[in-house]
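J.: Please read through the structure below; I'll follow up with questions.
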DNA sequence: CTGAAAGCGCTTACAG
DNA sequence: CTGAAAGCGCTTACAG
C-alpha cells in the first residue's frame, strides 16, 4: 500500500462536491443549506436535493472555525457523584434539556467538578476554546460567586434559580415561596398546628427562600413552625427526623426538601411506631417515582423537573440566538408555577396505595 | 461604530501570535505544544512559556478540521427520562466516566433518544460529523442490533455489558453470574430453602444472565427458586412482591434487580405485616445510598457504579488511542468483580440502622 | 533538526 | 441575484 497517496479522507462529502454536482459555487451551497437569501428558490431546491442524495453531513468543526455556532450547550455540576446518583432531580432535568436541544440539533456537553472555582474555570475554557455556544448554571446560591464570573465573561449563560441573586443574567426558576405556601396552607387546612421543615443544603438560594416562606406563611396562618437543617442526603434527614420526634412538643407534620430525604424521614417515623399520616404527616418538595410508589404515597410539590429542563433549554437557546443583540438589554426571567399533589401521606382520604387496583387485577 | 472594521475576533490568541513572539513558525509551535519531536528542548520550553503567558487555548475546531482528535466522547441513552431520574446507576456511572475523561481533557457529550434506531442514527451522524472520537454503548441486550451497526461503522466504540453479545467490540462488564452466586450462597448459608428473584427488563443481557445463574446456583445448592418478571420500576416490583407473598409456598427471601425495585418490594413486605429479615429477607443487586439508609439497611451487591464508569472511560480512551492500529486485532474485555455487602435485611446480626450511632451522639 | 506551504470544510464580506 | 476570494486556527507532509 503506497503511503504516499494523500488518503482522500474516505467518503467525506463536502459542500464542494455538492457545488460541483449542482454547477454552482460552494458559497451558494452554504447559503442554500443555511436557509439564507442569495440563491433562487429553484437553485436552493436542487442543492438541497443533491445534499440529501449525497448524504452530506456538515462539519461542525469547519463551521465553528468559520465563526458559526458550534451547536453545543454546556452544563457543569459541582456536586459529589453519589448525590447526583441518588437525587431524582438531575436525571429528569437533564432529560428535559436534552429533549429541546436535540430537537434543535444542539448537543449537551457535561462536566462534573469539585468546586465552584473549577466550575468557573471550566466555563472560561469552554468559551475560550469555543467549545460551547452557551452554558446553563444550576444550584444557585445566595451571593453566588459564579454569577459575577459569568457576567464578566459576557457569553450566553442561563441561571437556573431565583428570583434574585442572578445579577444581570437571564434565569428560570420555580416559585419556591409559592410552593411552600401551598404546602403549609394544605397542612393548616388539615388541622395541623405545629409543622416542621427538614431543610437541604443551607447555602442554596432556594433553601433560604423556602425557609423564609415557611416562617412567614406559618406566622400568617397561626401554625407553629420548627426548622431543622439536614443537608441533602438520607442520613441527615433521618437524624433530623429522629431529633424532631424526640422533642417534647413534636410536630404533627414534617416537610422535606427532597424525595430522598422524605423517604428516609418516613422510615424513621414508621419505625418509631407512629402512623403516617395519622400521627405524623409527611411532604416532599421534590416529587419523584419513589415518592409516588412509597406506602403511603407521599404528598409532593410537582415541579416537573423534565418540564423545568425543557424551559431552561428553550430559554438559553433564545439567549444564544439573541447574542450580540445589544438592544435586548437585560434578559427577563421565567417562572414555573409549582403544583401541590395531595397523596395519602397527608390526607387519609387519598388512596393509600396506587397499586391496589393493579394488584387486584393481576390476581385474577 | 464603523461596521467595516474586520472585528479582529476579540482577544483570541493563536499559535501565530506565539510563533511571532518566539521567532519561530506556527508549525514549530504546533510540534512544541503537542509534545512531538522536531523542536529542540530549549525552543520547546520557550514556546510553552510564551503560550502560558499569553493564556493560549487551542481551538478544538481548528484541530478537528486539521484531522486531530476532537477530544469528545459520546454516550446516547435510549431510556425514558423518568427511569433515568429514579435509578441510581446512571448518575454514578456518568460521574465515573466524567472523572476520567476530564482528567484527560476529554468532554462527554450526551443524548437521550427514544429508540435503538435513533440511537444508531445518532452514532452515525456523530461520527460522520466528526463530533466524537468514540462512543460508549450501555444497556446491552441479547442479540443487540446496535452491535453490528457499530461494528459496521468501524469507529471506536465500547460496550458496557457482557460477557458475549458484544461481537468484536471491546467491552467492560460486571460478572453478574458471580454476583447472583454470592447472593444465593449467602441466603442458603442463612438457611433459606425457597428464594425468589424479581427481575428487571427481560431483554437486557444481564437480566438473562442473572436469571440463568439464579436457577443454576439454586439447583446446585438445593435451594428452591422462583422467578418473577417485573420490568424496572417501583410499580412492577411492588406488584411482583405482592404476588409472591400471596403464594401458598411463599419464599423466605426475595432478590431484586435494582435499588428502586428493592425499596418498593420492601414496603410491600412490611405493609403486609411481615418482618425483614425475620419473615422475609430482601436483597438488591444494585446498591445505592437509598438501600444503605433504608430501615433495615438492605443487603446489596456493590458494583460501584462510579468505578464502573471510570473503567469504561479509561478502556474507551485506550481504544481511541489505538485507533487504526490494525495490529491490535480484537480488543479484550475487562471484568469487574462484584462484592456482597451484608446488611440487616438478610442478617439479623448486622446493625439494624446505620444511624443509631449518629443519633445517639447528636442527642448528647 | 528546522522552515515554508498546502489543506482541512465551511462562512462571510466583497465585487460583478 | 450570483461568482470568486479570503480567512477561521491548526496539523501534516515535504523540502531544505
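Protein chains in written order, with full-length UniProt numbering: chain A, 1 to 364; chain B, 1 to 364. Each residue gets a CB set at the ideal place from its N, CA and C atoms; glycine is no exception.
What residues in the segment 124 to 143 of chain A have a beta carbon less than 7 angstroms from any beta carbon of chain B?
T.: Hits within the stretch, in order: 125, 128, 129, 130 and 131.
J.: DSSP state of residue 273 of chain B, grouped into three classes?
T.: Coil, per DSSP.
J.: Jot down the residue ranges of each uninterrupted beta strand (DSSP E) in the segment 209 to 234 of chain A, minimum 3 residues, whole runs only, in chain order.
T.: With a minimum length of 3 residues, the continuous beta strand (DSSP E) runs that stay inside the segment 209 to 234 of chain A are 224 to 229.
J.: Classify residue 239 of chain A as helix, strand or coil using the three-state DSSP reduction.
T.: Residue 239 of chain A falls in the helix class under three-state DSSP.
J.: Roughly how far, in whole angstroms, is the beta-carbon of residue 309 of chain B from the beta-carbon of residue 97 of chain B, given that I think they are within contact range, below 8 angstroms?
T.: The Cβ separation is near 4 angstroms, so the contact holds.
J.: With a cut-off of 7 angstroms, does the C-beta of residue 327 of chain A fall near any C-beta of chain B?
T.: Note that residue 327 of chain A has pLDDT 48, beneath the 50 cutoff, so the model's placement of it is unreliable and the number below is only indicative. Closer than 7 angstroms: no.
J.: CA-CA distance, residue 205 of chain B and residue 350 of chain A?
T.: Approximately 40 angstroms, taken between the alpha carbons.
J.: What span of residues does the alpha helix (DSSP H) with residue 112 of chain B cover, start to end?
T.: Counting along the chain, residue 112 of chain B falls outside any alpha helix (DSSP H), though it belongs to the beta strand (DSSP E) covering 107 to 112.
J.: Between the Cα of residue 255 of chain A and the Cα atoms of A:59, A:284 and A:73, which residue gives the shortest distance?
T.: That would be A:284, whose Cα lies nearest to the Cα of residue 255 of chain A.
J.: Which word fits residue 346 of chain B, buried or exposed, when buried means at least 16 other C-beta atoms lie within 10 angstroms of its C-beta?
T.: Label assigned to residue 346 of chain B: buried.
J.: Buried or exposed: which applies to residue 366 of chain B, given that a residue is buried once 16 or more other Cβ atoms fall within 10 Å of its Cβ?
T.: Residue 366 of chain B lies beyond the stretch modelled for chain B, which goes from 1 to 364, so this question has no answer here.
J.: Excluding sequence positions up to five away, which residues of its chain have a Cβ less than 6 angstroms from the Cβ of residue 32 of chain B?
T.: Taken in chain order, the residues that qualify are 39, 44 and 47.
J.: Quick one: what's got a C-beta closer than 7 angstroms to residue 56 of chain B's C-beta in the same chain, skipping five residues either side?
T.: Here the set comprises 13 and 18.
J.: Can you tell which of A:161, A:267 and A:313 has its C-alpha closest to the C-alpha of residue 209 of chain A?
T.: It is A:161 whose Cα lies nearest to the Cα of residue 209 of chain A.
J.: Among residues of its own chain, excluding the 5 on either side of residue 176 of chain B, which ones have a beta-carbon nearer than 6 angstroms to its beta-carbon?
T.: These residues qualify, in order along the chain: 206, 209 and 210.
J.: Where residue 27 of chain B and residue 259 of chain B are concerned, what is the direct C-alpha to C-alpha distance, given to the nearest angstrom?
T.: Each residue's Cα considered, the two are about 55 angstroms apart.
J.: Step through the CB atoms of chain A and report whether any lies within less than 7 angstroms of the CB of residue 108 of chain B.
T.: Yes, its Cβ sits closer than 7 angstroms to a Cβ of chain A.
J.: With the cut-off set at 7 angstroms, would you say residue 195 of chain B and residue 223 of chain B are in Cβ contact?
T.: Yes, the Cβ-Cβ distance between residue 195 of chain B and residue 223 of chain B is below 7 angstroms.
J.: Just to check my reading of the structure: residue 62 of chain B and residue 65 of chain A have Cβ atoms closer than 8 angstroms, yes? What is that Cβ distance to the nearest angstrom?
T.: Yes, they are in contact, since the Cβ atoms of residue 62 of chain B and residue 65 of chain A sit about 6 angstroms apart, within 8 angstroms.
J.: Please determine if the segment 165 to 181 of chain A and the segment 224 to 231 of chain A are in contact, where contact requires at least 3 C-beta pairs separated by less than 8 angstroms.
T.: The answer is no - the segment 224 to 231 of chain A does not touch the segment 165 to 181 of chain A, with fewer than three Cβ pairs under 8 angstroms.
J.: Return the bridge partner residues of residue 173 of chain A from the DSSP annotation.
T.: DSSP output for residue 173 of chain A lists A:335 as bridge partner(s).
J.: Using a cut-off of 7 angstroms between C-beta atoms, extract the partners of residue 267 of chain B located in chain A.
T.: 294 and 295, listed in chain order.
J.: Which residues in chain B have a C-beta closer than 9 angstroms to the C-beta of residue 155 of chain A? List them in chain order.
T.: Ordered by position in chain B, no residue passes the 9 angstroms Cβ test against residue 155 of chain A, which lies about 12 angstroms from the chain.
J.: Against chain A, with Cβ distances strictly below 7 angstroms, would residue 111 of chain B count as a contact?
T.: Chain A contact via Cβ: present.
J.: Would you mind telling me which residues of chain A sit closer than 7 angstroms to residue 60 of chain B, beta carbon to beta carbon, in chain order?
T.: What residue 60 of chain B touches in chain A: 129 and 131.
J.: Would a check of beta-carbon distances place residue 145 of chain B closer than 7 angstroms to chain A?
T.: It does not; no Cβ of chain A falls within 7 angstroms.
J.: Whose C-alpha, out of B:230, B:50, B:348 and B:315, is nearest the C-alpha of residue 73 of chain B?
T.: Out of B:230, B:50, B:348 and B:315, B:315 has the C-alpha closest to the C-alpha of residue 73 of chain B.
J.: What number of angstroms, rounded off, separates the C-alpha of residue 121 of chain B from the C-alpha of residue 153 of chain B?
T.: So the two alpha carbons sit approximately 11 angstroms from each other.
J.: Just list the residues that DSSP pairs residue 137 of chain A with in beta bridges.
T.: Answer is A:159.
J.: Going by alpha carbons, who is nearest to residue 202 of chain A out of A:241, A:300, A:75 and A:257?
T.: When only C-alpha atoms are compared, the closest one is A:257.
J.: Going by beta carbon distance, what residues of the same chain come within less than 6 angstroms of residue 183 of chain B, once the five residues before and after it are set aside?
T.: If we look at residue 183 of chain B and ignore the five residues flanking it on each side, its Cβ neighbours are 255 and 283.
J.: Taking the alpha carbon of residue 107 of chain B as the point to measure from, which residue in A:125, A:181 and A:272 has its own alpha carbon closest?
T.: Residue A:125 is the option with its Cα nearest to residue 107 of chain B.
J.: Quick check on this structure: which residue in A:78, A:300 and A:278 has the alpha carbon closest to the alpha carbon of residue 191 of chain A?
T.: That would be A:278, whose Cα lies nearest to the Cα of residue 191 of chain A.
J.: Distance, Cα to Cα, residue 113 of chain B vs residue 274 of chain B?
T.: Rounded to the nearest angstrom, the two C-alpha atoms are 41 angstroms apart.
J.: Where residue 138 of chain B and residue 220 of chain A are concerned, what is the direct C-alpha to C-alpha distance, given to the nearest angstrom?
T.: About 52 angstroms.
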